[in-house]
Amino acid sequence: MTDAIDALRSLVAMLPDLEADGASFGEMIPMRRAGKNWALPRFDFNKTGERFHSLGHVVGNGLSADDWKAWEREADCAAFLVNGSLPASVSLVDVRHLLVSIVQRERFCEGAMQSALDAGLVGSVVRRAAALLS
Numbered sequence: 002m003t004d005a006i007d008a009l010r011s012l013v014a015m016l017p018d019l020e021a022d023g024a025s026f027g028e029m030i031p032m033r034r035a036g037k038n039w040a041l042p043r044f045d046f047n048k049t050g051e052r053f054h055s056l057g058h059v060v061g062n063g064l065s066a067d068d069w070k071a072w073e074r075e076a077d078c079a080a081f082l083v084n085g086s087l088p089a090s091v092s093l094v095d096v097r098h099l100l101v102s103i104v105q106r107e108r109f110c111e112g113a114m115q116s117a118l119d120a121g122l123v124g125s126v127v128r129r130a131a132a133l134l135s
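When we follow our numbering, the leftmost residue of the sequence shown carries the number 2, and every step to the right adds one.
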């Protein structure tokens, strides 16, 4: 749990970068053809994206996949992921689950973390972490 708290503190320290105009985790590389071979589109992380992705995994240490998957189906999480509403009652464990959900979505959909950043979801979660850690 100490590693997760340290990772949350590191994410909070990233908040100015995450909320800056033009904040980005990287760029989408389009599908390309080289001869007979096609390269699928992929998201190429910049340093901020790599750091967020890495810290997001550390934040999730100690949470089993079943924990965050079940939690992700709950009403509060679903509401947050759809419209960004983050109730003040969100606990530190909830913040960890939300961060894991954002990071894990990148495994299944290239650019999912960037979409969460663009929608303000990342900033909301990290601001809540800052409030809980202060």
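All C-beta atoms, glycine included, are put in the ideal place defined by N, C-alpha and C.
Is the region 47-64 in contact with the region 4-15, if contact means three or more CB pairs nearer than 8 Å? The region 47-64 is in contact with the region 4-15.
Across which residues does DSSP place Arg43 in a beta bridge pair? In the sequence shown, residue 43 corresponds to position 42, counting from 1. Paired residues: Ile30.
Need the endpoints of the alpha helix (DSSP H) that Glu111 sits in, please. Counting from one through the sequence shown, the residue named residue 111 turns up at place 110. Annotation: Glu111 is outside any alpha helix (DSSP H) and is labelled neither H nor E by DSSP.
In terms of residues, what are the limits of the alpha helix (DSSP H) holding Ser55? Position 54 of the sequence shown holds residue 55. Residues Lys48 to Val60.
Here's the rule: buried if 16 or more other CB atoms are within 10 angstroms of the residue's CB, otherwise exposed. What is Gly23? Residue mapping note: residue 23 aligns to position 22 of the sequence shown, counting from 1. By the 10 Å Cβ count, Gly23 comes out exposed.
Three or more C-beta pairs below 8 Å linking the region 101-113 and the region 47-57: Yes, the region 101-113 is in contact with the region 47-57.
Enclosing alpha helix (DSSP H) for Ser125 [first to last residue]: Here the question's residue 125 lines up with position 124 in the sequence shown. For Ser125, the enclosing alpha helix (DSSP H) stretches over residues Leu122 to Leu134.
The ligand GTP heavy atom lying under 6 Å from the CB of Ile6: This structure lacks the ligand GTP, and indeed carries no ligand of any kind.
May I have the straight-line CA-CA distance separating Leu64 from Arg97, to the nearest angstrom? For the purposes of this step, residue 64 is identified with residue 63 of the sequence shown, where counting begins at 1. For the purposes of this step, residue 97 is identified with residue 96 of the sequence shown, where counting begins at 1. So the two alpha carbons sit approximately 9 Å from each other.
Specify the secondary structure class of Ala24 as computed by DSSP and reduced to three states. Position 23 of the sequence shown, counting from 1, holds the residue named residue 24. If DSSP states are grouped into helix, strand and coil, Ala24 belongs with coil.
For the alpha helix (DSSP H) holding Ser11, just list the boundary residues, first then last. Along the sequence shown, one-based indexing puts residue 11 at 10. DSSP places Ser11 inside the alpha helix (DSSP H), whose first and last residues are Thr3 to Ala14.
How should Gly50 be labelled, buried or exposed, when 16 other C-beta atoms within 10 angstroms of its C-beta is the threshold for buried? Residue mapping note: residue 50 aligns to position 49 of the sequence shown, counting from 1. The residue is buried, with at least 16 neighbouring Cβ atoms inside 10 Å.
Mind checking whether Phe46 and Met29 have CB atoms under 7 Å apart? Taking the sequence shown and counting its residues from 1, the one referred to as residue 46 is at position 45. Taking the sequence shown and counting its residues from 1, the one referred to as residue 29 is at position 28. Taking 7 Å as the Cβ cut-off, Phe46 and Met29 do not qualify as a contacting pair.
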